[in-house]
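According to my numbering, the residues represented by the sequence shown are 4 to 519, in order.
Glycine included, every Cβ here is placed at the ideal spot set by N, Cα and C.
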Amino acid sequence: MMGGQPIIILKEGTEREKGKGAVYNNIAAARAVADAVKSTLGPKGMDKMLVDSLGDVTITNDGVTILKEIEIEHPTAKMLVEVAKTQDDEVGDGTTSAVVLAGELLKAAESLIEQEVHPTIIVNGYRMAAAEAVRRLRQLAFDVKRTDKATLGSIARTAMSGRSVGTNADFLADIAVEAVQSIVEEVAGELRADVDNILVQKKHGGNLKDTTLIDGVVLDKERVHPRMPKFIRDAKIALINRALEVKKTEVNEEIRIRDPAKLQMFLDEEEKTLRAMVEKIKASGANVVLAQKGIDDVAQHYLAKEGIYAVRRVKESDMKKLAKATGARSVTNLDDLTAKELGRADLVEERKVGTDDMTFDGKAIAGGGSAEIELSIALKDYAATVGGREQLAIEAFAGALDVIPRTLGENAGLDPIDVLIKLRADHQKKGGKSMGVNVQTGEPLDMIKANVIEPLRVKIQEIDSAAEVAGMILRIDDVIASKKSPPPPPGGGEHGHGGGMGGMGGMGGMPPGMGM
4 MMGGQPIIIL
14 KEGTEREKGK
24 GAVYNNIAAA
34 RAVADAVKST
44 LGPKGMDKML
54 VDSLGDVTIT
64 NDGVTILKEI
74 EIEHPTAKML
84 VEVAKTQDDE
94 VGDGTTSAVV
104 LAGELLKAAE
114 SLIEQEVHPT
124 IIVNGYRMAA
134 AEAVRRLRQL
144 AFDVKRTDKA
154 TLGSIARTAM
164 SGRSVGTNAD
174 FLADIAVEAV
184 QSIVEEVAGE
194 LRADVDNILV
204 QKKHGGNLKD
214 TTLIDGVVLD
224 KERVHPRMPK
234 FIRDAKIALI
244 NRALEVKKTE
254 VNEEIRIRDP
264 AKLQMFLDEE
274 EKTLRAMVEK
284 IKASGANVVL
294 AQKGIDDVAQ
304 HYLAKEGIYA
314 VRRVKESDMK
324 KLAKATGARS
334 VTNLDDLTAK
344 ELGRADLVEE
354 RKVGTDDMTF
364 DGKAIAGGGS
374 AEIELSIALK
384 DYAATVGGRE
394 QLAIEAFAGA
404 LDVIPRTLGE
414 NAGLDPIDVL
424 IKLRADHQKK
434 GGKSMGVNVQ
444 TGEPLDMIKA
454 NVIEPLRVKI
464 QEIDSAAEVA
474 GMILRIDDVI
484 ASKKSPPPPP
494 GGGEHGHGGG
504 MGGMGGMGGM
514 PPGMGM
């Protein structure tokens, strides 16, 4: 107000919420998302049925799938969806845990705000607690060697728990471990496994036991001519980055042929050009051709006649993988195609064919909520050394970590309070750091002996993501939402402007029926 006159700085219809009201509303929206996936956590978690606008039904207990499928409107709630996506992209597991922990951190923060603790103090405390938690996690972790298939298999089985694989967990875990071990590379003295080098092809029919690991490159393509061989042993592979077709001119042209003999000469010249291409391929010694572009029908005929297996329109990304896997070098000019440019493979085969891809780093940690309980106890001791109001936030962070073992027990039909009490008692004993929730009995169980093991990076990403998104949400104290634009009217002409437009619909001179 200036001189009694109101100053309008926002567009009419804009909604604004600020102060504690905005903070509480944001926390409520985020917690609603966390509550939506909370019951799916753990091997005994429940499933969700998702029905889209077309009536298609999806039944899943995968946190990231649920959050991707449901249409969330609230901007703060969408931030938790991004947490799940990031967790999935970075480490491929722990999505539900990260979202549930973020919701619990916000619930704890709400109590502190009601006690007049400023959100900035809470955010600082959470940041300190997350850093300390990650430091403690690294101390708790143990090394996993590349050759330790038993431990790697346990990690894979833990990741698949609750994924409706039934009695096939061991079978799929073995395939996952073998797949990852086959792509491990040593880069600058470090072992790395790029899961982009594992292709998961899904095919309808059959059952989980039909899953097969193929040590090679799978292309979802078939040979271009039925007379070509179905398989080639001792394959010599040519990667061709050009069309095996007669080149078209760059400009529009018209050729008029009045003499039938001249027409035949024109067609013969085209055929001669295509036959020459095939002769160059044959001369290089290649018996398999993988072309990134098209292959003319005539070229297909001559390739089949020479017994050369050919595939066309292979994706560029697949061409790069093929070059890496076979040692072939892609050529554009067929004159450059020699035996040196060819790749090698024991077998190239066309087969009517359907794993679970995993990633691992060098360290693992006990699962089943054991890490969270150990961190909760450690952070409460750490909070006392910090002092000040940040101590309250660190203690709140410690309490929030209990949500993982508590929810694991709750989803298994156990008393969550009893589960926590027994776990805390065991963790206070010597050698009890790996004790977690036995979802079958409710009693504490050594998770390492039970082979419930998770990669360290999954836990670190879970802690970091949850703390980061909680901090972002708590720092928002003003939400300014513009008025939503009305949906465009259906159709065109009948909803246009009247008057002097002469029946034109929509915008100015746009013809009726074209709409917007």
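When DSSP builds the beta bridges, which residues end up paired with M450? Within the sequence shown, numbered from 1, the residue matching residue 450 stands at position 447. Its beta-bridge partners do not exist; DSSP assigns none.
Checking 8 Å against the spacing of the C-beta atoms, do L411 and V440 come in under that value? Residue 411 sits at position 408 when you count from the first residue of the sequence shown. Residue 440 sits at position 437 when you count from the first residue of the sequence shown. Result yes, Cβ atoms of L411 and V440 sit closer than 8 Å.
Pairwise C-alpha distance: L382 and A136: Numbered from 1 along the sequence shown, position 133 holds the residue referred to as residue 136. Numbered from 1 along the sequence shown, position 379 holds the residue referred to as residue 382. Those two C-alpha atoms are separated by around 7 Å.
Whose C-alpha, out of L108, T341 and A369, is nearest the C-alpha of S157? Mapped onto the sequence shown, residue 157 falls at position 154. Looking at the Cα atoms, A369 is the closest of the given residues.
Buried or exposed for D92, please, with buried defined as at least 16 other CB atoms from any protein chain shown within 10 angstroms of its CB. Here the question's residue 92 lines up with position 89 in the sequence shown. Exposed.
Candidates T161, A111 and A33: which alpha carbon is nearest V102's? As a first step, residue 102 is located in the sequence shown; it is residue number 99 there, counting from the start. Looking at the Cα atoms, A33 is the closest of the given residues.
Would you report the Cα separation of D418 and K47, rounded to the nearest angstrom? As a first step, residue 418 must be located in the sequence shown, where it is residue number 415. As a first step, residue 47 must be located in the sequence shown, where it is residue number 44. Approximately 14 Å between the Cα atoms of the pair.
Just to confirm, is the Cβ distance from I451 to S468 under 8 Å? Counting from one through the sequence shown, the residue named residue 451 turns up at place 448. Counting from one through the sequence shown, the residue named residue 468 turns up at place 465. Not a contact, by the Cβ cut-off of 8 Å.
Have a look at R261 and V227 and give me their C-alpha separation to the nearest angstrom. As a position in the sequence shown, residue 261 is number 258, starting the count at 1. As a position in the sequence shown, residue 227 is number 224, starting the count at 1. Using only the alpha carbons, I get a separation of about 34 Å.
Evaluate the contact criterion for the region 114-125 versus the region 394-404: three or more CB pairs, one atom per stretch, below 8 Å. yes
Opening and closing residue of the alpha helix (DSSP H) in which T99 lies: Locating residue 99 in the sequence shown gives position 96, counting from the first residue. That run of the alpha helix (DSSP H) goes T98 to E117.
Bridge-paired residues (DSSP) for T63: Here residue 63 refers to the residue found at position 60 when the sequence shown is read from its first residue. T63 pairs with K51.
Between the alpha carbons of G97 and D364, how many angstroms are there, rounded? The residue labelled residue 97 in the question sits at position 94 within the sequence shown. The residue labelled residue 364 in the question sits at position 361 within the sequence shown. Distance between the alpha carbons of G97 and D364: 15 Å.
State the DSSP-derived secondary structure class of P458, mapped to helix, strand or coil. Translated into positions along the sequence shown, residue 458 becomes position 455. Strand.
Run through the region 254-322 for me and flag every whole alpha helix (DSSP H) of 4 or more residues, listed as ranges in chain order. 263-286 and 300-308
Ignore the nearest five residues each way along the sequence and tell me which others in I520's own chain have a CB closer than 6 Å to its CB. Residue 520 cannot be examined here, being either before or after the span of the chain that is shown, 4 to 519.
With H, G and I counted as helix, E and B as strand and the rest as coil, what does DSSP make of H498? Along the sequence shown, one-based indexing puts residue 498 at 495. For H498, the predicted model reports a pLDDT of 45, less than 50, meaning its position is unreliable and no value from the coordinates is stated.
Determine whether the beta carbon atoms of L426 and P458 lie at a separation below 8 Å. By one-based count along the sequence shown, residue 426 stands at place 423. By one-based count along the sequence shown, residue 458 stands at place 455. No, they are not a contact pair.
Check the C-beta distance from A25 over to D429 and give it rounded, since I have them as a contact under 8 Å. On the sequence shown, residue 25 is found 22 positions in, with the first residue counted as 1. On the sequence shown, residue 429 is found 426 positions in, with the first residue counted as 1. No, A25 and D429 are not in contact; Cβ-Cβ is about 42 Å, not under 8 Å.
Between the Cα of G391 and the Cα atoms of M131, Y305, E353 and N171, which residue gives the shortest distance? Within the sequence shown, the letter at position 388 stands for residue 391. Cα-wise, what sits closest to G391 is M131.
Would you kindly report the start and end of the unbroken beta strand (DSSP E) that includes E225? As a first step, residue 225 must be located in the sequence shown, where it is residue number 222. Where E225 is concerned, there is no enclosing beta strand (DSSP E), given that its DSSP letter is neither H nor E.
Uninterrupted alpha helix (DSSP H) stretches inside the region 338-392 (no shorter than 4 residues): 373-389
Taking G156 as part of the beta strand (DSSP E), name the residues at either end of that continuous run. On the sequence shown, position 153 is the one that residue 156 refers to. Looking at the DSSP string, G156 is not in any beta strand (DSSP E); the run it does join, the alpha helix (DSSP H), is K152 to M163.
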